[in-house]
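All remarks here apply to the structure that follows.
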Amino acid sequence: MKEYTYIMIKPDGVKAGLTEEIVRRIQNKGYEIKLFDVRKLDGDILDEHYAHVKDRDFYPEMKEFMLSDYVVPMIVYGENAIQGMRDLMGPTRSSEAPAGTIRGDFGNKEIVNQNVIHGSDSRETALIEIERFFNIKVNHGEEKDF
Ligand code: DAT
Ligand code: MG
Numbered sequence: 270m271k272e273y274t275y276i277m278i279k280p281d282g283v284k285a286g287l288t289e290e291i292v293r294r295i296q297n298k299g300y301e302i303k304l305f306d307v308r309k310l311d312g313d314i315l316d317e318h319y320a321h322v323k324d325r326d327f328y329p330e331m332k333e334f335m336l337s338d339y340v341v342p343m344i345v346y347g348e349n350a351i352q353g354m355r356d357l358m359g360p361t362r363s364s365e366a367p368a369g370t371i372r373g374d375f376g377n378k379e380i381v382n383q384n385v386i387h388g389s390d391s392r393e394t395a396l397i398e399i400e401r402f403f404n405i406k407v408n409h410g411e412e413k414d415f
């Protein structure tokens with residue numbers, strides 16, 4: 270079934286001029302970019318998005334980093350897009366990400382949170398994140414005109 274996933278290029282990726290390269294990799298894998306935006310986040314939406322790590326010691330530094338510059342939120346759609354995008358991104362720690370993955374090629378090997386890109390981790394979170402960042406409700410498998 271075709272799935273929606275929420276993808277976001279983080280400030281390090283935007284600042285390094287990686288937006289086009291990342292878009293190319295997503296499209297080369299056969300996924301559609303349904304919506305694309307460039308914006309700065311506020312602290313409240315970030316606290317919600319990262320509620321699962323909000324109490325960790327690294328969060329204050331990560332929050333400052335995530336608010337430091339523009340991000341590129343996207344809605345990506347395609348067959349197995351959630352796991353497929355996670356595979357394209359590589360694991361959380363760029364130091365452990367293989368060459369050829371986005372984090373392996375471009376992530377900061379010392380600073381874990383500067384790992385270039387976010388991607389939803391399940392079908393359920395994908396829908397929540399798309400609604401959170403785009404204020405749009407979608408259903409997996411249901412092609413929609415945006
Ligand atoms: P992912 O982004 O791969 O889904 P996650 O949801 O577990 O990983 O964590 C969200 C972000 O928090 C992650 O992209 C980078 C940061 N992070 C996670 N674990 C970390 C750690 N141990 N030290 C520093 N940053 C961390
Ligand atoms: Mg995650």
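Here the sequence shown is numbered in the working numbering, starting from 270 and rising by one per residue. Backbone N, C-alpha and C fix where the C-beta goes; we use that ideal spot for every residue, glycine too. Since this is a predicted model, take the numbers as computed values, not measurements.
* To do: Starting from the C-beta of Ala-350, find all residues in its chain whose C-beta is less than 8 Å away, skip the five residues before and the five after it, and write them out in chain order.
  => On the sequence shown, position 81 is the one that residue 350 refers to. Closer than 8 Å at Cβ, skipping near neighbours: Lys-271, Glu-272, Tyr-273, Thr-274 and Tyr-300.
* Is the stretch 344-361 touching the stretch 390-398, taking contact as three or more C-beta pairs under 8 Å? -> Here the stretch 344-361 makes contact with the stretch 390-398; the two share three or more CB pairs at distances below 8 Å.
* To do: Given a cut-off of 8 Å, decide if Arg-372 and Asn-384 are closer than it, judged by their beta-carbon atoms.
  => Against the sequence shown, residue 384 aligns to sequence position 115. Against the sequence shown, residue 372 aligns to sequence position 103. Going by C-beta atoms, Asn-384 is nearer than 8 Å to Arg-372.
* Asked: Val-345 and Ile-302: beta carbons closer than 8 Å?
  -> Reading the sequence shown from its first residue, position 76 is the one you call residue 345. Reading the sequence shown from its first residue, position 33 is the one you call residue 302. Contact: yes.
* To do: In angstroms with no decimal places, state the Cα-to-Cα distance between Val-341 and Glu-330.
  => The count along the sequence shown starts at 1 and reaches residue 341 at position 72. The count along the sequence shown starts at 1 and reaches residue 330 at position 61. Spanning the two alpha carbons is a distance of roughly 20 Å.
* Please confirm whether Tyr-280 and Phe-334 have their CB atoms less than 8 Å apart. => Along the sequence shown, one-based indexing puts residue 280 at 11. Along the sequence shown, one-based indexing puts residue 334 at 65. First, the residue type needs correcting, since residue 280 is Pro and not Tyr in the sequence shown. Cβ distance < 8 Å, so Pro-280 and Phe-334 count as in contact.
* As assigned by DSSP and simplified to three states, the class of Lys-279 -> Translated into the one-based positions of the sequence shown, residue 279 becomes position 10. In the structure shown, Lys-279 sits in coil (DSSP, three-state: anything other than H, G, I, E or B).
* To do: In the DSSP assignment, find the alpha helix (DSSP H) that holds Glu-301 and state where it starts and stops.
  => Locating residue 301 in the sequence shown gives position 32, where the first residue counts as 1. DSSP places Glu-301 in no alpha helix (DSSP H) but in the uninterrupted beta strand (DSSP E) bounded by 301-305.
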